[in-house]
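Novice: Going by full-length UniProt numbering, the first residue of the sequence shown is number 1, and it counts up by one from there.
No residue lacks a Cβ here, since even glycine has one placed at the ideal position from N, Cα and C.
All values reported here derive from a predicted model rather than from experimental measurement.
I have a structure I would like to understand better, so I am pasting it below and will then ask my questions one at a time.
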Amino acid sequence: MGLMELKLEDKDKQSSKIVAEDTRVVIRTPKANTTKKASRSCKSCFNRGNYEPIDSVVGHETHLTYYRIVSCSINIEGYVHLSVVSSQHDNKLISFEGDPLNMSIEQARDFLHGLRVKAGIPRARKLKVLVNPVGGQGNAIRYYNERVFPILRSSGCTVDLQMLEYKLHAFDIAKEMDLSYDAIVCVSGDGAVHEVLNGFLHHQNPIKAIQTPLCPIPAGSGNSLSLCLLGLEEGFDISLATLNAIKGHAMPLDLFSIMQGNKRTLSYLTQATGLMADLDIGTEDMRWLGDTRFVIGYVRSLVRNAPCPCEIYIKVEHDDKNQMVNWVRERHLDTPVPVPQYTGSELPKVQYPNGPEFDWEKVSDDISYLYAGQVPWVSRDLKQFPVSMPNDGFIDVAVQLNVSRMQKIKAMDGAENGAMFFDDSLKYYKAKAYHFKPLQTDGYISIDGESAPILPFTVEIMPSLARVLSPYYTWNNQF
């Protein structure tokens, strides 16, 4: 990288020093310099006020990985500007700027080029940003104003912002969407991503539309996708999710094609029946609690301890739990995966329009729930699919036998770590397809957290059809 230390002096004669180490950047400012200076403000399209100022001077030493560099530039006059997301300052966007003191303009330009390369700063992206103002606890607009937009602005991204105004608005937008965007950013919960994918299903070019990368910013009551992309510690962090929007690469994502009657739906998270659907759809009135509502719903369902009368047929590929654990541990965060290519503009045809075939395995036990999907965490308190992967070409199907209340209570111990996976009462399969037939008309069926009719349905895998932005090449999941 050449010279490894850049000294700056800003317009107020305050100095700072940027030190480029092998794996991190250290930014030092004088200890006495503790003031904060606002950057130029930007009018908000929502509140028509100023954004929260970006901190310019924030202490005497800041440590960060290269990934946390949002932008670094030098103008024609040699004035340097560096913006970063600092974990030492609540992951706020902070900036440092000034004239080089120890380098020529050309040397400073070379130094900053080295920073950009190590930081993996791509070209500025064109983003469609959807904000759901009523999702979760109703904080999406504030998150956007205070965290999301300042980072997008600093990175130089072109932002086409649209606020969602009604249920299925994201669905309607996606049906007619211009496909020139580099990514679709959803400042919402998991529901907005579900709507976008199903809107793309009805797009005039559904294959190209569905392969537009999606990026969640966790602002809803359910934020499973962000949790699985960024991990348990960082999955709810707005700033780091926004960093993913500007830096993440397009990771292939399996989709599930669901036929219920004559209607085809796309799913990317989970399908639930029985107890798990009860705690999801049955807690709609508690969305303001965030994902805590799922714990309350689980306890409430335990009191009833109702069975789930049904017939389940599964096109089983694997049922050895130990082998599944080995597979997920062999996948590494930094190892790219091959991406299958889909040709044409239409989606793959439904393979099983008539439901289950003769060689599918029938599960007819007394069960508590069927839960199928591909995300390790369905909430931060429940790691239901600990061996799932985003693009292994399988549906993870979990069938819980209807055991006693006490056994179900014990199963909650370690649920956030996936401990229930090893319980003998949980049957777990890697499948290519499955069919669910309810034997009663009450209860719930949940698809990606959305209520579905109490009717038979068939699910089949569409490998690596979609794309999501990710810092990694698989879920950030250790098991």
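Helix, strand or coil for Cys72 per DSSP?
Specialist: The answer is strand: DSSP assigns Cys72 an E or B state.
Novice: Would you call the CB atoms of Leu214 and Ala170 closer than 8 Å?
Specialist: In this structure, Ala170 does not lie closer than 8 Å to Leu214 by Cβ.
Novice: In this structure, how does DSSP classify Cys45 when only helix, strand and coil are distinguished?
Specialist: Any reading at Cys45 is ruled out, since the residue's pLDDT is 43, under 50, leaving its predicted position unreliable.
Novice: State the DSSP-derived secondary structure class of Pro463, mapped to helix, strand or coil.
Specialist: Reduced to three states, the DSSP call for Pro463 is strand.
Novice: Measuring CA to CA, which of Gly355, Leu333, Ile296 is closest to Val313?
Specialist: The sequence shown places Tyr at residue 313, rather than the Val named in the question. Among Gly355, Leu333, Ile296, the Cα nearest to that of Tyr313 is on Gly355.
Novice: Please state the DSSP three-state secondary structure of Glu195.
Specialist: Residue state, collapsed to three classes: helix.
Novice: Can you have a look at Asp254 and say buried or exposed, based on whether 16 or more other CB atoms are within 10 angstroms of its CB?
Specialist: Classification of Asp254: buried, given that the 10 Å Cβ count is 16 or more.
Novice: In the DSSP assignment, the alpha helix (DSSP H) including Tyr434 goes from what residue to what residue?
Specialist: Here Tyr434 belongs to no alpha helix (DSSP H); instead the beta strand (DSSP E) covers 426-438.
Novice: Starting from Arg28, trace the beta strand (DSSP E) in both directions and tell me its first and last residue.
Specialist: From DSSP, the beta strand (DSSP E) with Arg28 extends over 24-28.
Novice: Can you give the Cα-Cα distance for Leu266 and Phe256, rounded to whole angstroms?
Specialist: Cα to Cα, Leu266 sits roughly 6 Å from Phe256.
Novice: Beta-carbon separation of Ser368 and Gly297 under 8 Å?
Specialist: Not a contact, by the Cβ cut-off of 8 Å.
Novice: Shortest alpha-carbon distance to Glu234 belongs to which of Met389, Pro218, Ala272, Met412?
Specialist: Here the closest residue by C-alpha is Pro218.
Novice: In the DSSP assignment, the beta strand (DSSP E) including Ser155 goes from what residue to what residue?
Specialist: Unbroken run through Ser155 is the alpha helix (DSSP H), 149-155; no beta strand (DSSP E).
Novice: Between Thr62 and Ile151, is the Cβ-Cβ spacing less than 8 Å?
Specialist: No, these two residues do not count as a Cβ contact at 8 Å.
Novice: To which residues does DSSP link His249 through a beta bridge?
Specialist: Its beta-bridge partners are Ser470.
Novice: Under a Cβ-count criterion, where at least 16 other Cβ atoms within 10 Å of its own Cβ denotes burial, should Val299 be classed as buried or exposed?
Specialist: Exposed, by the Cβ-count rule.
Novice: How many whole angstroms separate the CB atoms of Thr270 and Asp12, which I take to be in contact at a CB cut-off of 8 Å?
Specialist: Not quite, the Cβ-Cβ distance comes to about 54 Å (not below 8 Å), so this is no contact.
Novice: First and last residue of the beta strand (DSSP E) that includes Tyr143?
Specialist: No beta strand (DSSP E) holds Tyr143; the alpha helix (DSSP H) holding it covers 140-143.
Novice: Determine whether the beta carbon atoms of Ser301 and Asp278 lie at a separation below 8 Å.
Specialist: Yes, the Cβ-Cβ distance between Ser301 and Asp278 is below 8 Å.
Novice: Residues in the same chain with beta-carbon distance under 6 Å from Lys430, minus the five sequence neighbours each way, listed in chain order, please.
Specialist: The residues are Glu317, His318, Phe394.
Novice: Can you look up Thr242 in the DSSP assignment and give me helix, strand or coil?
Specialist: In the structure shown, Thr242 sits in a helix (DSSP, three-state: H, G or I).
Novice: Of the residues Val375, Val185, Gly418, which one's Cα is nearest the Cα of Asp160?
Specialist: It is Val185.
Novice: Which residue wins for smallest C-alpha separation from Thr65, given the options Asp423, Met462, Arg24?
Specialist: Thr65 has its Cα closest to that of Arg24, out of Asp423, Met462, Arg24.
Novice: Would you call Glu460 buried or exposed, if buried means 16 or more other Cβ atoms sit within 10 Å of its Cβ?
Specialist: Answer is buried; the Cβ neighbour count reaches 16.
Novice: Measure the beta-carbon distance from Pro386 to Phe479 and round it to whole angstroms, keeping in mind my assumption that it falls under 8 Å.
Specialist: About 4 Å separates the two Cβ atoms, so the contact holds.
Novice: Contact between the segment 72-79 and the segment 108-125: three or more CB pairs below 8 Å?
Specialist: Touching, yes.
Novice: In this structure, how does DSSP classify Ile296 when only helix, strand and coil are distinguished?
Specialist: Reduced to three states, the DSSP call for Ile296 is helix.
Novice: With a cut-off of 8 Å on the beta carbons, I'd call Asn244 and Pro471 a contact; round off their distance for me.
Specialist: Confirmed, Cβ separation roughly 6 Å.
Novice: Is it buried or exposed for Ser188, if we count other Cβ within 10 angstroms and need 16 for buried?
Specialist: Its Cβ being crowded by 16 or more others within 10 Å, Ser188 is buried.
Novice: Are the Cβ atoms of Ala398 and Gln407 separated by less than 8 Å?
Specialist: It is not a contact, given that the beta carbons lie outside the stated cut-off.
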